[in-house]
Each structure stands twice: as C-alpha cells, then as structure tokens.
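A.B. asks: Quick note on this note's numbering: the sequence shown kicks off at 3 and runs consecutively. Virtual Cβ for every residue (Gly too), placed ideally from N, Cα, C.
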Amino acid sequence: MPLRLVVFDFDQTLSVVHVYNSIAGGREVWQLPAPHACSEAGQLARIVGLDRHPQLQQQGGFAMAAFGGAERVQRLAGMLEQLRQAGVECIICSRGLVGPIQKLLDQLGLLRYFSEVYGNIGDAYGQTRHVDGVKCDRALLEAAERVASNGPIGLVDAMDLWDKAKDGNRITEVERHTLGWVVEHLEFTEKGRAFMEQQLLDGSYYTSIGRTKYSRALLQRAETFSAEQSISQQQAVDLWQLALDGERLGDCERRTLRYVLQNLNATTGARKFLLAKLDPAVTPDESQLPRSKSLTSPAVRSRGAPILSAEWILSFVGTIDGVKYDRLLLETAESAAARNSGQLSLADVAAIWDDASDGSLTALEKETLSYVLEHFNVSQKASRYLESKLHPRKPGGFFKTVDRVKCDRELLEKAQGFADEGNISEEQAMELWADATDGGPIIDCEVRSLQYILENLSVTVGAETYLRSELKAAAADEVADAPDVVSPNFTPPAASGASPRASASRRSAASTVPETASELATPKAKAKAMPLSPKASPKASPKASPKAAAVSPKVSSPAPSAAVSVASVASPKATPKAATPKVATPKAKPKSPAPKAATPKAPETASSPTAPKTIASPAPKATASPPAPTPAASPAPTPAPTPASSASPAASPAASPAPKAAPEPRPASPEAPRTRIREKSPPPPAPAAPQPSPPREPTPKAASAKKAEPQAEPAQKAQSPAKEQDPLGACLQREQSASMALEKAKAAEQRLPALEQEIVKLQSSFDRATAAADKARAAAQSAQTAAERAGKEQHILEQTLQAKKQEAGEAAKEAGHMTVIGP
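(1) Do Gly194 and Gly252 count as a contact pair if the criterion is CB distance below 7 Å?
(2) Taking buried to mean at least 16 other C-beta atoms within 10 Å of its own C-beta, is Tyr387 buried or exposed?
(3) For Glu186, which option in Gln59, Tyr468, Asp108, Ala150 has the closest C-alpha, if you only look at C-alpha atoms?
(4) Tell me whether Asp159 sits in a helix, a strand or coil according to DSSP, three-state version.
(5) By DSSP's criteria, Val119 is part of a beta bridge. Which residues make up the other side?
(6) So the beta strand (DSSP E) Asp410 belongs to, where does it begin and stop?
(7) Under the three-state reduction of DSSP, which class applies to Ala780: helix, strand or coil?
(8) Ignore the nearest five residues each way along the sequence and tell me which others in Arg223's own chain have a CB closer than 8 Å to its CB.
(9) Could you spell out the range, first to last residue, of the beta strand (DSSP E) harbouring Ser460?
(10) The alpha helix (DSSP H) that contains Asp2, what's its start and end?
(11) Taking the straight line between their C-alpha atoms, what separation do you get for Ala353 and Lys137?
(12) Within 10 angstroms of the Cβ of Ile798, are there 16 or more other Cβ atoms? Answer buried if so, exposed if not.
(13) Please confirm whether Ser390 and Phe401 have their CB atoms less than 7 Å apart.
(14) Can you tell which of Gly442, Glu745, Ala47 has its C-alpha closest to the C-alpha of Ser343?
(15) Verify whether the separation of the beta carbon atoms of His38 and Gly27 is less than 7 Å.
(16) Go through its chain and collect everything with a Cβ distance to Thr364's Cβ below 6 Å, but skip five positions before and after it.
(17) Taking the alpha-carbon of His20 as reference, which of Ala780, Ser96, Val75 has the nearest alpha-carbon?
(18) Would you tell me roughly how many angstroms separate the C-alpha atoms of Ala496 and Arg406, rounded to the nearest one?
(19) Grab me the residues of Glu448's own chain with a C-beta within less than 7 Å of its C-beta, minus the 5 sequence neighbours each way, in chain order.
(20) From the DSSP output, read off the bridge partner residues of Ala268.
(21) Below 7 Å between beta carbons: does that hold for Ala339 and Leu346?
(22) Thinking C-alpha only, which one of Glu457, Ile103, Glu795 is nearest Ile426?
(23) Measure the beta-carbon distance from Leu112 to Ala68 and round it to whole angstroms, keeping in mind my assumption that it falls under 8 Å.
(24) What is the rounded straight-line gap between the Cα of Val8 and the Cα of Gly101?
(25) Out of Asp53, Ser766, Gln735, Arg218, which has the shortest C-alpha to C-alpha gap to Pro254?
(26) Nearest CA to the CA of Thr15: which residue from Arg74, Asp53, Ala43?
(27) Which residues in the same chain have their Cβ closer than 7 Å to the Cβ of Leu99, if we skip the five residues on either side of it in sequence?
(28) Secondary structure at Ser17, three-state DSSP: helix, strand or coil?
(29) Would DSSP call Gln33 helix, strand or coil?
(30) Out of Arg779, Ser228, Gln59, Gln430, point me to the one whose CA is closest to Ala268's CA.
(31) Reducing DSSP to helix, strand and coil, say where Asp139 ends up.
(32) In the DSSP output, what is Gln345 paired with across the bridge?
(33) How would you call Glu812, buried or exposed, if buried means at least 16 neighbouring beta carbons within 10 angstroms?
(34) Can you name the start and end residues of the alpha helix (DSSP H) that Ser64 belongs to?
(35) Would you call the CB atoms of Ala421 and Ser381 closer than 7 Å?
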C-alpha cells in the first residue's frame, strides 16, 4: 500500500527548538530576550522584532536560526520535495499557534509543501502559560489576576484560590508554581499572604478524620509519642506547649487533644495533666476569655510585625457565645483598649476599620465590628464613626459631604454654631481641636473638616494660627510615628496668611448687613418692614408717629432713597400718582404758596394724632383717584396730600390750608420700608411725588375722611388685599427665578463629568504634543549637530583638496621642468 499522508509536528520536529516556549519566555535552552508573547498576534509581532536583532540577522533571521541553519533547511526542502513528487500529502498538526508556524514556514519557503496546518489560534494554547519563565496554570493565574485587579487579595479570596488549585484533594506542581508566582508578584493583605505562604510551605494545616478537622502537626506529634509507648507526662507537657499559641488554646487544638486522650495510649499522669488543662475552669473556652486583656503579646501581634507561630496563621476565626468572629480584629481592639485605659478612641476605631476593610468587608468582619461596638468601651465620636461605616445609608450619620468632600458632621455643625455668634475665637478653636482628636491622633476626616472650617467660616487670627499650627504639628508627628492612623497623603493647610479668614469675614459681614433683595426673600423681614394689613393700619395711630419720626431721618436721607429706587420696584399705585400731578399742578399751587419749601419742613410737623390715620387711610383712595383728576378737588384736599408720602418717603407736600399740614413726611416714614419691600421697578422721581394731592377725589370724600376717620378704614380694608398682592407676586417671581437657577445648576452639574473628561483628554493631548515637540527639538538639535559636523568635514576636505591640487601642480611643474632639461 503506497504512502499517501504524512503528519508532522512543528516544535522540535521541523524546528530544532520549541518556538512557542522560546517566544513566550519559557525555560528553554534557547532563551530569547524580553518582551515575551503568548498570543498569536503577539508572537507574530515578536517574530518581526526578532528578525531585526543583530545576532539573529547574522544567522539569516529568526526562522533560519530556529530551523538549525541554511544547510538543514535545504535538507528539509529536499525531503519534502521528494514526498510531493511521490504524491504524498504533508500536513502539520501542532499544539502551537497557527500564525507563527505559517509565517516561519513561509519565510523559509517550506509552506508550499504542506496542504494544511492544524493548531491553536488566538490566545488559546492550552492549560499552561509561561510567565517570567515560570510554567503556570492559565485558569488559576487568570482568576488570581481578576481578583487582584479589584484590590489586594484578602483571606477569603486566598482560600478560594487554594480550593480552586487543589482540584479535589491534590495540587500539582504547575498549580503550586502558579500560586508561588501569584504570592510573589501580586498584592495580598496580611492575612491572605500568611494563609497562602503557610499552605505552600507545608500543605494543609488541618487533617480531617471523619468530618472533623484536627491539627495535623499536633496529631502527628501525639501519634509519634504513642507509637513507641504510652504518652508520658513529660510528653503531654510537650503536646500542651505545642497546642498553645501564646496564652490561647484554639478550638481545633482543644479538639485534637481530646481526640488524643480518647484514641491514643497515655499514662495516668499524662491523662490527669491534660484533663486538668482542658478543664474550662483552668483554660476557658475562647468565649469565656476576658475581653479587657489582650490574648497575645503585643510584640508578636503588633501591626506590621511578622507572625511567628505557624500554627496560629490559620486560626483566624474565634467563637464567642456560639457566634464566629474575626480573631485578629478582636485582639487588635483589645490591645488598643488596653493602651488607652480601656476606651477606644476615634483613631483606634479608624485603624481597626482600615484593618478590617482590606479589599472588601466580609460578613465575619462586619459581625466582629458590630461586636466591638456593642461590648467595648468606645468613645461617643468613635461610636458614631463606626456606625456610619457599618450603616452608610443611615441619615444624620457621622459624615457630611460638603463640596464633594467627606467631613465630620458634628464638628462642622459645632463650628457653624460658633461662627453664627461671631468669629470663631481661639478658645473655641481649642475646643474644636479637642473634639477632632477625641483623645487620640487625628484622622483624615477630621483634618478635612478643620481645613474646610478655616477656608469657609469666619475665624479670628488667633484661632487660625492655633489650628494651622496644630495641623502642621499633627502632620509631622502622625506621618513619622503613626502611619496607620494618618495616611501618607496627609498635608497640613498652607499658611497662606489671612486670605481665607478675610474672605470669611467678608462673607460674615455680607450676611449680617441686610440688603434689600435678601430682606425681601425672608418672611421675617416682611413682618418687620411691612405694616400693610388692615388690622395693623388702625394701630399705626399717634403712638406710632413718634417712632416713625425717630426713624424717618434715616429713611428720608438722599442715600437710602437712592438705594430704594434702585433695589425696589414701584407698585402700580405709585405710577398714576406720578402721572397725574402734571394736570392738577396749577391748582395745587394757590393752596400751597411754597410747595418746594414745604419739603424740607416736612420733618417738623407730624405730631397731630389724626395725621397717621390720614396717612394710612387715603392710600387706597390715591389708587382709585387717578382716573378722575377733577379740578374742583383743589380746595378740599389740604389734609390729604400725605398719601403721596407712601410712594416716596422724602417728599410729602403740604396741600392743607395751614403750612403745618404740608410738612408731614415723618409719619410717612413708617411706610417707607413697606414701599421698599413691595416695589420691584424704579419708583417715580422724587419731585413728582409731592404733587399727587390735587388729583384727589371730590372734596366731600376728602372732608368726610378728615372729619370721620373711621369711614376711611373700610376703604383701606377693601384696598389692603391689593397691596398684599404685590409682595406675593414678587415672592412668586423670586421663587420662579430660584427654581430656574436651580435647574441651571443641576444642568451644569450634569455637564461637569463630561467637561472633566474633556479636560483629561485635552491634558493627554497636551502631554502628547509636548512629547512630540521634545522629540522634534531633539531631532532638530541632532540634525543641527550633524550639519555642523558635515560642514566641518566638508571644510577639511576642501582644504585637503586644495592641498592636493597644489601638490599636483607643483609635481606637474617639476615634471615639465625635468622633461625640458632631459633632452
């Protein structure tokens, strides 16, 4: 039967070396320099790079070197040619990657002899993967890398990786090498690293009999003692010392010793000794151990110290009242409480939380922290801190986010209370510092809170100096002595002089001096400055006039009136009053011989008891009077011009027959704040305000208003709702503007992430452009250097050429001279 098909392997069959392992960085005879590649695309790119290597170029390229040289390639080509001429089909079936195989064969001209190439593609090569020359289990390594990408590998994740590596009850050498590489190159927590190193050191700590776990080392030692003879009392003492870890007897060790007494031979003395030691009254269970005393030596169990006991490494779980807790956390809390007279401070609790949340907080650690919070003596601030960490969504917790920074809620509220009373004094700053430290070192949250207080609240110079000096000293001390409490990134606030305090003082001054717009927005300001209701108008009688007269000089001065005209809005009632005086001005003049002079006299006479009522009552009439400016109204309106004073506190004409009635601006002053509150647009000019007296209603109504003031009260009551509508409309407008501003702020906040991304992109583009510019400058500099060098060489060549020409000329002359002389 003739030969029809030949199947070749590739690595170390057609090639003389294992191509895949060499490029992947495996421990082969032919070791290639880094970088290494394991995927199909990576190895193809690496082959291109290796072809440019000087040593491989001398051998004809990477493919020629991998196949053993040109002579061996020629022999292979001759053999394959004979097989093709004989009609034999040749194919390749390899575990390697198809792309690199085809590329190497094509470079050597051998690919045409093979009809098919079978192998792996993409990233798939098999179950193993070479990393730094170590053959690793691909699935186990990828699982470890996924866990490490989310943070340090904790105890639970390390246990999961070990269970995944065991594949039942055994672990292969490849898996052991993989875990060794993981421990060496990936980041672990203290507990996770201790577990994995102990497992790799001598296998499992436990041995199972039935479904119960026992201490392997302790049981093996007891079996060794009992194999020779019965366990003696001295050997029992040795077993007891081995079972103890410091002063503690673990649950597993207790079970192991009881198993030894029940199943192995021991002398009477050994039994009595072990039974006495195992008695809970002598050696209590873990649930009965006192919490106020640390169970192990601080020198052995301090943070960052090496763990000396191999048996202790895996006994992380303790039981108290039938509930499992994290032994390390409990002992850390006990040690901290013993150092601080039995109380845990805020810094201690923060350190315990950092130790617990290594990577992710497990249910066991959360249960342990809850136990610490319930059974230990914890300061009030530390208790609130731990509660906020365990229950972050609970309202009113320890933290308060201000300007995207987490701060201490209680500290901020206390400082805000001090600032509301005035500038924070040095004594109050000392109180804030004592509250922030809570009897121990200061933590980052408190530092951020104090920095926010210094930058945003009103602080005296002494208080600012005190807080900044304490923060600076705390930064130096904590970073040097206690890096577990204060993070290395902690920096004190820069001593920038008084700029934060000055800005805070300006803000406090702005908040204490009421402006018109801010007063309008507060209901209290309305109640103080607006006696407009019908019930309040009758009470503004003679008793109120002296007060109004006392206040009026401030209101009637030119500066306040200008402020009112800018910040306030004229009510619709004041507008017709300003327009009507032009029609009735000539008739008002005969009644008031000097209306202009009446304005300065206004503050003199307003003491008549009827004047305040007249001021309050005719205001509604003025609103209705503008449409009927009758000329006959001139003789009677003498006492009535006072309503015009409600529109402008500085001008109230004396339209009454006596000059005393004309100067009545003082009683009008109580209404000045009312006008300022309700008005939104600029009021009419001051000189036009005194003249609305002529366009008053017919004389009978004015006379009746003067004689019988109670008749004016119903009109005022009927009109007062119209007066109250203007402030309500202003409030609605302000509410709408505030809602629009809030929507704009929300939209701006939504655009903020996109803007930040754009900033990052622009920054990266700028960095790339800077790098390109640096490269261009370097290239230009090198080109300039080369040009200078070429110029120098050219100059040298020119000089040499000229010298040669001269030499040749001289030689030619000499030769011609000799030729002439020769014959």
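C.D. replies: Checking against the coordinates, here is how it stands:
(1) No.
(2) buried
(3) Ala150
(4) helix
(5) Ile94
(6) In the DSSP annotation of this structure, the continuous segment of the beta strand (DSSP E) that includes Asp410 starts and ends at 407-410.
(7) Look at Ala780 here: in three-state DSSP terms it is helix.
(8) So the qualifying residues of the chain are Asp240, Leu241, Leu244.
(9) It is not in any beta strand (DSSP E) - Ser460 carries neither H nor E in the DSSP assignment.
(10) For residue 2 there is no data in the structure shown, the boundaries of the chain being 3 and 825.
(11) 40 Å
(12) With a 10 Å radius around the Cβ and a threshold of 16 neighbouring Cβ atoms, Ile798 comes out exposed.
(13) yes
(14) Gly442
(15) yes
(16) Val158
(17) Ser96
(18) Unreliable placement is indicated for Ala496, whose pLDDT of 44 sits below 50; the coordinate value is still reported in the next sentence. Rounded to whole angstroms, Ala496 to Arg406 spans 21 Å at the Cα level.
(19) Asp410, Leu413, Ala438
(20) Ile233
(21) For the 7 Å CB-CB criterion, Ala339 and Leu346 form a contact.
(22) Glu457
(23) No, Leu112 and Ala68 are not in contact; Cβ-Cβ is about 12 Å, not under 8 Å.
(24) 21 Å
(25) First, the amino acid is wrong: residue 254 is Cys here, not Pro. Per the Cα distances, Arg218.
(26) Arg74
(27) Contacts found: Tyr22, Glu42, Gln45, Gly121, Asn122, Ile123, Tyr127.
(28) When DSSP states are grouped into helix, strand and coil, Ser17 belongs to the coil group.
(29) coil
(30) Ser228
(31) strand
(32) Per DSSP, Asn379.
(33) exposed
(34) A small correction: the amino acid at residue 64 is Phe; Ser does not occupy that position in the sequence shown. Counting along the chain, the alpha helix (DSSP H) containing Phe64 begins and ends at 64-68.
(35) No, the pair does not count as a contact, with Cβ atoms beyond the cut-off.
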